[in-house]
Amino acid sequence: MQGKIVWQKNSPNPENTENFTRIQQWWESLTDQEVTFAQRLLPETENPYDLDWTPQRFDERFKIQSPRIGGITLYWQQPNNDQERSITARKLEYNTTNQELFIFSQAQQQVVLRVAIPGIHYDAVKVKNPQMAGTQQGENQILLLRDASQKVEIELTLSPAQVDKLKEILG
């Protein structure tokens with residue numbers, strides 16, 4: 024997963040369903056994580072990156088409870104509050120690098136909601152039984168891992184010290 028994943032209602036994009044599933048997995052993995060919720064009016068460009076996302080008065084920060092998606096509606100709860108909140112989306116845009124989801128409201132076309140995990144985050148890539156290849160480049164070793172099912176390729180450039188550490192870790 025690199026960059027931006029977009030799902031849009033009624034989109035002919037062949038990856039639309041897969042993108043929705045990936046966004047749903049991320050959303051549902053947020054249980055008990057601290058998130059920030061911010062709502063803004065969309066600019067004419069409809070580009071959420073054109074907006075000022077610095078914290079404002081009505082923005083919220085809390086540990087999200089019970090995040091789920093039913094149809095195209097995202098549901099969640101706040102701690103110590105039994106009331107379930109929701110928003111029905113016409114478009115979802117997930118930025119994997121910044122761990123933020125922009126939810127474009129279906130009911131209020133001029134509104135975008137940003138849900139983000141505060142702080143620095145890394146994309147996690149889980150690869151099981153990858154195809155492997157290796158080569159040497161100068162004093163460094165290049166290890167290539169491929170997972171055809173996910174269409175993911177990971178290239179590691181390892182110094183001699185890192186190769187020794189990897190051998191130590193693998194026993």
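Residue numbers (my numbering): 24 to 194.
Backbone N, C-alpha and C define an ideal beta-carbon position, used for all residues, glycine too.
Keep in mind the model is a prediction, meaning the values are calculated, not measured.
Integer-rounded CB distance, given that residue j should sit under 8 Å from residue i
{"i": "Trp49", "j": "Asn39", "result": "About 16 Å; that fails the 8 Å criterion."}
{"i": "Val175", "j": "Leu65", "result": "Rounded, the Cβ-Cβ distance is 33 Å, inconsistent with contact."}
{"i": "Val186", "j": "Gln164", "result": "5 Å"}
{"i": "Lys86", "j": "Glu57", "result": "5 Å"}
{"i": "Ile110", "j": "Ile126", "result": "6 Å"}
Sequence-distant residues of the same chain with beta carbon closer than 7 Å to residue i, five excluded per side
{"i": "Ile28", "result": "Asn42, Arg45, Ile46, Tyr117 and Thr119"}
{"i": "Pro102", "result": "Phe85, Lys86 and Gln88"}
Beta-carbon gap between residue i and residue j smaller than 7 Å
{"i": "Arg169", "j": "Pro153", "result": "yes"}
{"i": "Asp82", "j": "Ala112", "result": "no"}
{"i": "Glu51", "j": "Arg84", "result": "no"}
{"i": "Gln106", "j": "Ser89", "result": "no"}
{"i": "Leu53", "j": "Arg63", "result": "no"}
For residue i, the three-state DSSP class (helix, strand or coil)
{"i": "Glu38", "result": "coil"}
{"i": "Leu136", "result": "strand"}
{"i": "Ile46", "result": "helix"}
{"i": "Met24", "result": "For Met24, the pLDDT reaches just 39, beneath the cut-off of 50, and the residue's location in the model is therefore unreliable, although a value from the coordinates is still provided. Three-state result, Met24: coil."}
{"i": "Gln122", "result": "coil"}
{"i": "Pro71", "result": "helix"}
{"i": "Pro183", "result": "helix"}
{"i": "Ile192", "result": "helix"}
{"i": "Glu83", "result": "strand"}
Cutoff 8 Å; reference residue i; Cβ partners in own chain excluding five residues on either side
{"i": "Glu162", "result": "Ser182 and Pro183"}
{"i": "Lys32", "result": "Ile95, Ala112, Arg113, Lys114 and Gln129"}
{"i": "Gly26", "result": "Asn118, Thr119 and Thr120"}
{"i": "Gln133", "result": "Leu64 and Leu65"}
{"i": "Tyr98", "result": "Ser89, Pro90, Arg91, Ile92, Glu107, Arg108 and Ser109"}
Residue i Cβ short of 6 Å to the ligand MN heavy atom set
{"i": "Pro66", "result": "Among the components modelled here there is no ligand, and therefore nothing to report on the ligand MN."}
Own chain, CB closer than 6 Å to residue i, minus 5 neighbours either side, in chain order
{"i": "Leu166", "result": "Gly157 and Leu179"}
Within-7 Å CB hit, residue i to chain D
{"i": "Phe85", "result": "This model lacks chain D altogether; it includes just one protein chain."}
Residue i - partner residues in DSSP beta bridges
{"i": "Lys151", "result": "Its beta-bridge partners do not exist; DSSP assigns none."}
{"i": "Gln31", "result": "Lys114"}
{"i": "Ala61", "result": "Arg137"}
{"i": "Asp170", "result": "Val175"}
{"i": "Ile165", "result": "Thr158 and Thr180"}
{"i": "Trp99", "result": "Arg108"}
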